[in-house]
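FYI, in mature numbering (1 follows the signal peptide of the UniProt record, and there is no 0) the residues of the sequence shown are -23 to -1, 1 to 140.
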Amino acid sequence: MKKNTCFSLLIVLVLLLTLSACSKKPLPGATQLPPAETSLVAEAPMGEPAAPAVPVLKLENIFFEYDSFSLTPQSREILARNAEWLLQNPTVKLTIEGHCDERGSDEYNLALGEKRSEAVKKYLTTLGVVGERLVTISYGEERPAVVGQGEGAWAQNRRAEFM
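Okay, here's the thing in structure tokens:
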């Protein structure tokens, strides 16, 4: 019992010393410097618009039919516009994410999402985009665009996104 009391007193004493060392009052005789003036906004010369350092992604997502990784004619039109933008911005590297709706097993949907992203990459390379600029990944059903059940939600989740 005596050991516990001594130990408890020692802990309380250490805590009090620690808290008193963290005083917020300035030391006597210490001087405080005024805060330095900084500017967080870089200003462009007047009359000249600032050029963006990185191109803004202007790519459209594409959507797939149920249980399919085939590109629809509408998807091919969208990918043609996306390829045109990519060819105009040759320094941009892109990740193509394949997604699925919640129907099917996790393993099946991961494999289907991979096939979807690979189909998009293959089509973009046929349009002249260098394949080394494109990375594919599958999220299966893990990142739905729309949470919910029914064909309306599922159709929005069967997609390929560009990041």
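Every residue, glycine too, gets a C-beta built ideally from N, C-alpha and C. From a predicted model like this one, the values you see are computed outputs, not experimental measurements.
- Inter-residue distance for ARG136 and TYR116 is about 11 Å (C-alpha atoms, whole angstroms).
- DSSP links GLY75 through a beta bridge to SER115, ALA137.
- PHE40 is bridged by DSSP to ARG136.
- Taking every protein chain shown into account, the CB of VAL124 has fewer than 16 other CB atoms within 10 angstroms, so this residue is exposed.
- Per DSSP, reduced to three states, the secondary structure at VAL97 is helical.
- The three-state secondary structure of GLY108, taken from DSSP, is helix.
- Counting along the chain, no alpha helix (DSSP H) covers LEU48, and no H or E run does either.
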